[in-house]
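Quick notes on the structure that follows.
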Amino acid sequence: MSTENSLDQLFNNSVKILTDLIAFKTVSGEDNTSLINYCDTILKNLGATSFKTFDKDNPKQQNLFATIKTKKSNGKKPIILSGHTDVVPVSKGWNTDPFKATVKDNKLFGRGACDMKGFIACTLAFAPIFAKTNLDRDIHFSFTFDEETACIGAPILIDELKKRKVKDGICIIGEPTNMKIIDAHKGCYEYTTYFEGLAGHSSAPHKGVSAVEYASRYVSKLIDLREELKKRSPKDSIFDPPHSTLSIGGIFGGIAHNVIADKCHVNWETRPVIKEDGEFLNLELDKYANKVLLPEMKKVFPKASIEKKIIGEVTGFDRDENSDACELISSLTGDNSREVVSFGTEAGLFQEIGISTVVCGPGSIQQAHKIDEYIILDELKKCLKLLDGIKNISVVN
659 MSTENSLDQL FNNSVKILTD LIAFKTVSGE DNTSLINYCD TILKNLGATS FKTFDKDNPK
719 QQNLFATIKT KKSNGKKPII LSGHTDVVPV SKGWNTDPFK ATVKDNKLFG RGACDMKGFI
779 ACTLAFAPIF AKTNLDRDIH FSFTFDEETA CIGAPILIDE LKKRKVKDGI CIIGEPTNMK
839 IIDAHKGCYE YTTYFEGLAG HSSAPHKGVS AVEYASRYVS KLIDLREELK KRSPKDSIFD
899 PPHSTLSIGG IFGGIAHNVI ADKCHVNWET RPVIKEDGEF LNLELDKYAN KVLLPEMKKV
959 FPKASIEKKI IGEVTGFDRD ENSDACELIS SLTGDNSREV VSFGTEAGLF QEIGISTVVC
1019 GPGSIQQAHK IDEYIILDEL KKCLKLLDGI KNISVVN
């Protein structure tokens, strides 16, 4: 920063904004309109242009994309500062009000403080500096809904960006990485498979179709395929574990000991190292469901069904050895190291449309999604210094 006082003021503003953001109870799947309007107002008051995109089934879930435009372009790639506005649900046991920011021992506690309203607060606190600087590139602010539930919001925004031909630039996804460069992660595909059979008395199992039993066989097939995924592990994989993973989240069905269950569903997910693993898994699983399980069910009950519903298919984030985004962060921080993570982000979605992307933000993933979530305040200062570096290289000469 130019002076210590300016850093202090920006830091104080970021804490104030973060306090406001935490107060918005933007749990995934719920209304985030108030928070989006709050961000939009701050940016519009600085002269930014913006547009919103919506969930077609729930217009109260919104994405915001705002731009502080350059006054004189030197042909440099625009920078996208990207964060999700939703937070995971709160469980019992907090020592503070999860939706009221509490500062103690150089930590700010609150749901979303770390993941990832801290980054959004820093970008909004720094926005006035961008607005009054004679920039040689556009600065975009991308704030999405429902990232925590298989990145439901971001694809809607990405579709709109493609329509508007926003397909070049450098995107910084501010997930908590302790300001370290993350340049790759696995994909994350989430599904729920529904089974509908025929109820009946347990004393005559041949007259019914147990959805629970067929769901159990389906789960058994998933476990077999999990072993196949291990065999498909790529050579020199950069991930731990090195292969695509598969997890059974739950199996739900039945109403009583003596009733043949007519309904059951299975929640499951896979995290592909490569896209082809996801395709292989779904092909084999659908073949088993449609050619083995379903014909057996229909012999007894012609209206039996198996339906796999896609909850979300989050694209993996692939390592790019010549990443403009990673080079930018390295040049500003002096840290040339690159790491991978096991959690998913929206990075792969931006990468798919040709935008060079990096994951780098304040806070540690070790504090995310937990009781008494917090962010160390010094992390906000590090993020503000990075934004100041972006400003310094974006001044018209």
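Counting with the working numbering, you get residues 659 to 1055 for the letters of the sequence shown. Glycine included, C-beta positions come from ideal geometry on N, C-alpha and C.
- With 16 or more other Cβ atoms inside 10 Å of its own Cβ, glycine 1019 counts as buried.
- Classified as buried, glutamine 1009 has 16 or more neighbouring CB atoms from the shown chains inside 10 Å of its CB.
- About 17 Å separates the Cβ atoms of isoleucine 918 and proline 960, ruling out a contact at the 8 Å cut-off.
- DSSP assignment within the region 835-900 yields the following whole beta strand (DSSP E) runs of 3 residues or more, N-terminal first: 840-843, 846-854.
- Excluding the 5 residues flanking it on each side, leucine 693 has same chain C-beta neighbours closer than 6 Å at Phe682, Thr684, Thr743, in chain order.
- A direct Cα-Cα distance of roughly 7 Å separates leucine 1007 from proline 813.
- Burial of isoleucine 839 is indicated by the presence of at least 16 other C-beta atoms within 10 angstroms of its C-beta.
- Rounded to whole angstroms, the separation of the alpha carbons of isoleucine 1023 and asparagine 764 is 17 Å.
- Proximity to cysteine 809 across Cys772, Tyr847, Arg977, Thr791 peaks at Tyr847, based on C-alpha coordinates.
- Residue pairing for glutamate 927: DSSP places it in a beta bridge opposite Glu848, Ser905.
- Non-local C-beta neighbours of leucine 951 in its own chain, meaning closer than 7 Å and more than five positions away in sequence, comprise Tyr872, Arg875, Tyr876, Ile964, ordered along the chain.
- Taking the Cβ atoms as the reference, methionine 774 lies roughly 5 Å from glycine 741, within the contact range of under 8 Å.
- With a minimum length of 4 residues, the unbroken runs of alpha helix (DSSP H) contained wholly in the region 805-831 fall at 812-821.
- Selection Ala779, Lys727, Thr754, Glu818 evaluated against threonine 791 yields Lys727 as nearest (Cα-Cα).
- Taking a 10 Å sphere around the C-beta of threonine 699, we find fewer than 16 other C-beta atoms and assign the residue as exposed.
- Positions of the alpha helix (DSSP H) runs, each at least 4 residues long and wholly inside the region 772-809, are given as 776-790 in order along the chain.
- Judged by DSSP secondary structure, asparagine 994 falls outside any beta strand (DSSP E); it is assigned neither H nor E.
- Residues His742, Asp744, Gly811, Ala812, Glu1004 of the same chain have their beta carbon placed closer than 7 Å to that of glutamate 805, with the five preceding and five following residues left out of the count.
- For tyrosine 696, the closest alpha carbon among the candidates Leu679, Leu943, Leu904 is that of Leu679.
- For asparagine 695, the enclosing alpha helix (DSSP H) has its first and last residue at 691-702.
- Looking only at Ile969, Asp796, Ser749, Glu688, the smallest Cα-Cα distance to lysine 729 is reached by Asp796.
- A direct Cα-to-Cα measurement between threonine 1015 and cysteine 922 gives close to 40 Å.
- Per DSSP, reduced to three states, the secondary structure at phenylalanine 757 is coil, with no helix or strand assignment.
- Taking one beta carbon from each stretch, the region 992-999 and the region 1027-1042 have fewer than 3 pairs nearer than 8 Å; the two do not touch.
- Lysine 957 sits in a helix when the DSSP states are folded into three classes.
- Under DSSP, asparagine 940 takes part in no beta bridge, so it has no partner.
- Secondary structure at lysine 966: strand, using DSSP grouped into helix, strand and coil.
- For isoleucine 675, the three-state secondary structure derived from DSSP is helix.
- Partner residues in the beta bridge of glycine 911, as assigned by DSSP, are Cys922.
- Listed in chain order, the non-local C-beta contacts of serine 905 below 7 Å within the same chain comprise Trp926, Glu927, local neighbours out to five positions each way being set aside.
- For glycine 1006, the enclosing alpha helix (DSSP H) stretches over residues 1005-1010.
- Here the alpha carbons of threonine 725 and phenylalanine 669 stand approximately 22 Å from one another.
- Under the three-state reduction of DSSP output, serine 1014 falls in the strand class.
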